[in-house]
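Here the structure is laid out as C-alpha cells; the discussion comes afterwards.
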Amino acid sequence: MSAPLSAATVSDAEYRNVEVRHSGKCIDLSAGNTANFAPFAQWTCGENNANQRLAFVNQGNGFYSIKTKASSKCLEVKNGDVSNGADIQQLDCQVNDEKQYWSLLDMNNGWFKLKNQQTEKCLDVAGAYTENGDEFHQWACLADHPNQEFRFIYDVDNGDNANPEDVVGTINIEAEDFVSQGGTFDDNQQTPVSKYTVAGQGAINYINSGDFVDYDVNVDKAGMYLVSFNVATAITENSSIELLVMEGGAWRSYVQAQVPANGWDNFSPLTANTEVALPAGVQQVRIHALGTNDWQWNLESFKLVWQGELTGPTEPPLLDDDGDGVLNANDLCPNTGLSEAVDQNGCSPSQLDDDNDGVNNAIDLCPNTPPGTSVDNSGCEVSSPNVIDVNTADATLPSFVSFNNTTPQGKRWEKVDNLSDEFEFWNGAKWLKTNWNYGNTPVNMLNKNSGVADGNLWIQATLNADSPNQWFESSRVRSVAKIKFPMYTESRIKVANISAYSTFWLNNGDINNRDEIDIIEINPVPTCNCQPDFPWKMNSQYFIAKNGSTERNHGNSDNRTDLSDQNTLQGVLWTEDYHVFGAWWKDEHTVQFYLNGEPVNKVTTQQPFTLEQFIIWDLWSQDSSWVGGLPQKDDLLNNDNNIMKVDWIRTWKLVND
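If you use our numbering, the sequence shown corresponds to residues 516 to 1172, in order.
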C-alpha cells in the first residue's frame, strides 16, 4: 500500500480525544467494552472518558495505529474487509498489521480524514447520523462528507486544540435576545413567539409552524461555522428547525434539521451537518420553524463554532449586477442592457415574455401559449409529434408538463422541498429508516441496508445465512413530512434485479385507519412461474382500511402497451434502465398514475381518501403468487442485482395561480 499524500499533525501528547466534524461527538469505545471485537460509536465528548482517549502510535511512513486507553487495544477494519460498510472493531495491537494502520489526510484548519492502509477506505459514521451510539464503519473516501472528518481535542500538548469551546470564533446567542419576530399561525398569543424562564435560563416558546425570530449576530472572524441548537420538543414528527442568513437582500437557508422529541423543557444540543458562511461584521440570522406540525419546539440558545476560512468570497455580492436600479434579490431579469428602462421587476420591454414560452412579447405571434407547450421561433405551437424522453423533462415541474400539460386553468405547481431530494447526501431532516417488518415473510428490515451514495438513495437485499426465518435483510426509507391532495410526486428508480418487490408508495402510518397509494410494487424476475407480465407491470393500486374492512382497487399499467410509440422507454425492462414513476393525487377520490412522463391508469375510490400520507420506498419479498415468489438465496450475494436505486424524488402541491 502507498504512503499518504498529505497528513495532519499529531502532537507529542500521549492521548487525545478525536471529534467528528458533522456531529460534534467523539470516537468512543462502545460501552467501555475491553474485549476483542468490540465496536466503536460516537458519543458526547468527555475529556476524562478513557473510552475516548486515543493514542496515535507512529508506525512510520505516515501511518499510525490507534490505541484506546480503556482497553490498550487497537482500532481496525474487521478482517481487513475492503467493502464499503465493513465494520470497525478493536483487537489486540499487532506489528505490521495494515488493517490497524491509519493515515491522516489533511482537510485544512485542523480537520483530517482517517484512511486505512490495507483497505484504502476512510473511517465513517454510518448514515451520517448524529446521535449518541451511532456506530462507525468504513466507506470510500469522499469530498464534502463531514461524517468522515475529524480533529484532535483535549490534546494536552497542543494549546490550539485544548477544548472545543476554546476554538477561535465561537459565538453564543441566547434565544431570547432576538431583535424581531414573525409568523402567521394563530395560537391566541399576543405575539408569534414568547419568552419564558426554565431552570434559571431564558428561552423562547409557543413556536408554531412558520414562526421565526431574527438576530443581529456580531461575527469577529469571517469563516465557515457549524451551528448547534440547544432545543427541545415533545412533538415526535414534523418538528424541524432552520437557520437562514441575510445575503444580498434575501434570506438564504443554510441549515435544516429534524428536532428529536425529549420533552418541552429538556433542552439538548442538536448539531447540524452543514456549515454556514459568515463574513465579519454584524450579520442578520433567522431561526425558523420549518416543520409542518402546528406546534414545533422551544429554544434556549444556539452557538456558531468556527470551522475554517470562508470557502467563497469574503465580501457580500453586488446588490444590483446589471445596474438597472432593482436589487438582485428582486430582479426577474438580471441581465438587462445598459440604459434600458425597466419595470418594478427589473425587466425591460425587450425581455418580457408573458406566456413564458421563451419568445419575447415583441416578436411573439402567439402571446397566450399554454404552459409547457413546445413552440417555434415565432412563439407558436409546434404541431409535429414530439419524442417523449422523460430524461429531458423540465426538472422544475412534473415531467408530464413538458409533454402534455394538463395542469388545470388558474393553478400552478409549487415544489415541496422537504419531500424532494436529488440524493447528493443523506438528509436526516427529510428521511427516516422505519424498519418495521411484514408478517409471514423472511424479511428483516435494518438500518445498514440503506443509505445514500453516488447520487442515489440505495436499498440493498443481503443474505443472513445464519437466520432460518429472517434471512432476507433489507431496509425501508420513509419521509419525515406528510402530504395530502392535491399533489403530485414522482421518483426516478432502477429496481433490484431479484424476485422481490421494489416499492414506491404513500401511507399514513396507521394500519387500522389506513389510506395507501402504491405507485409501484415491481418484481422484475418472479420465480413462481405464475406472473409472466411482471417484468413490465407497475402493480399500482390503492387501499382504504377502516373499521376492519378494506376497499382496494388496482390501476395496473404495462410499459409495453400503455406508453405511446414516441416514448423512448416504451417496452424497456424495469431492470435495464431507470424509469420515472409518478402519481397525481387529484382529490379525495381520484389518483392518476404516471410512467416516464405519460399518464397511464387511474383509480377512483368509493370512500373518501383524505388522510395525510408519508412517502416510502422499500425492498421485500414473500413466498406467494401475488408477490411472485422468493428469490434464490444466492441472488442476495450478487451486488450487481440486489440493490434498488433511487436517483431522485420531486414533489409538488397544486396551488392557485
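Glycine included, C-beta positions come from ideal geometry on N, C-alpha and C. Model, not experiment: these values are computed from the prediction.
Asked                                                                                                                  : Found
Nonlocal neighbours in the same chain, by C-beta distance under 7 Å from N1171, ignoring five residues either side     : G925, K926
Neighbourhood of L1088 by C-beta distance below 6 Å, restricted to the same chain and skipping five residues each side : P1050
Proximity of L978 and L1152 at Cβ, strictly below 7 Å                                                                  : yes
At least three beta-carbon pairs within less than 8 Å, the stretch 1132–1143 to the stretch 1009–1026                  : yes
V742 to L758 span [Cα, whole Å]                                                                                        : 9 Å
Backbone CA spacing between K945 and G873 [nearest angstrom]                                                           : 34 Å
Check: R993 C-beta below 6 Å from any heavy atom of the ligand ZN                                                      : You won't find the ligand ZN in this model; it holds no ligand whatsoever.
Cβ neighbour criterion (16 or more within 10 Å) applied to L544                                                        : buried
Start-to-end residues for the beta strand (DSSP E) that takes in E556                                                  : The residue you asked about is not Glu; residue 556 is Ala in the sequence shown. Per DSSP, A556 belongs to the beta strand (DSSP E) from 555–558.
Sufficient close CB pairs (3 or more, under 8 Å) joining the stretch 656–666 to the stretch 633–647                    : yes
Three-state secondary structure (DSSP) of F665                                                                         : strand
Contact the stretch 982–998 vs the stretch 1068–1086: 3+ CB pairs below 8 Å                                            : no
Beta-ladder partner(s) of W812, from DSSP                                                                              : None, per the DSSP bridge assignment.
Cβ neighbour criterion (16 or more within 10 Å) applied to F727                                                        : buried
Exposure of I974, with buried meaning 16 or more beta-carbon neighbours within 10 Å                                    : buried
Short Cβ contact (7 Å threshold) for L590 with Q605                                                                    : yes
Rounded straight-line distance, which links the Cα of G943 to that of N623                                             : 26 Å
Limits of the beta strand (DSSP E) - the one that P784 falls within                                                    : 778–793
Where the beta strand (DSSP E) through N1068 begins and ends                                                           : 1064–1069
Residue environment, N1022, which counts as buried when at least 16 other CB atoms sit within 10 Å                     : buried
Contact check, A804 vs S935, beta carbons under 7 Å                                                                    : no
Continuous beta strand (DSSP E) stretch holding G575: start and end                                                    : 569–575
R568 and K593 closer than 7 Å at C-beta                                                                                : no
Close-in-space but distant-in-sequence residues of the same chain around L833 (CB under 6 Å, 5 per side omitted)       : Only weak support exists for where L833 lies, its pLDDT of 42 falling under 50; the value from the coordinates is given anyway. Nothing listed; no residue qualifies.
Residue environment, N901, which counts as buried when at least 16 other CB atoms sit within 10 Å                      : exposed
7 Å Cβ cutoff, C541 in contact with chain B                                                                            : Annotation note: the requested chain B is absent from the structure, which comprises a single protein chain.
Candidates F1058, P885, K1009, I1032, of which the one nearest V1161 by Cα                                             : K1009
Coarse secondary structure for N1082, derived from DSSP in three states                                                : strand
Under the three-state DSSP convention, the category Q859 falls into                                                    : coil
Proximity below 7 Å, CB of E1005 to CB of G887                                                                         : no
A877 classed as buried or exposed, judged by whether at least 16 other C-beta atoms fall within 10 angstroms           : exposed
Unbroken beta strand (DSSP E) run spanning K997, endpoints                                                             : Neither: K997 is in no beta strand (DSSP E) and is coded neither H nor E.
Option in V1040, Q1056, P1041, N1116 with minimal Cα separation from D1077                                             : N1116
Nearest-angstrom Cα separation, counted from N860 out to D846                                                          : 5 Å
Which listed residue (N733, G1112, P923, H1104) has its alpha carbon closest to that of T907                           : G1112
CB of N933 within 7 Å of CB of A1011, strictly                                                                         : no
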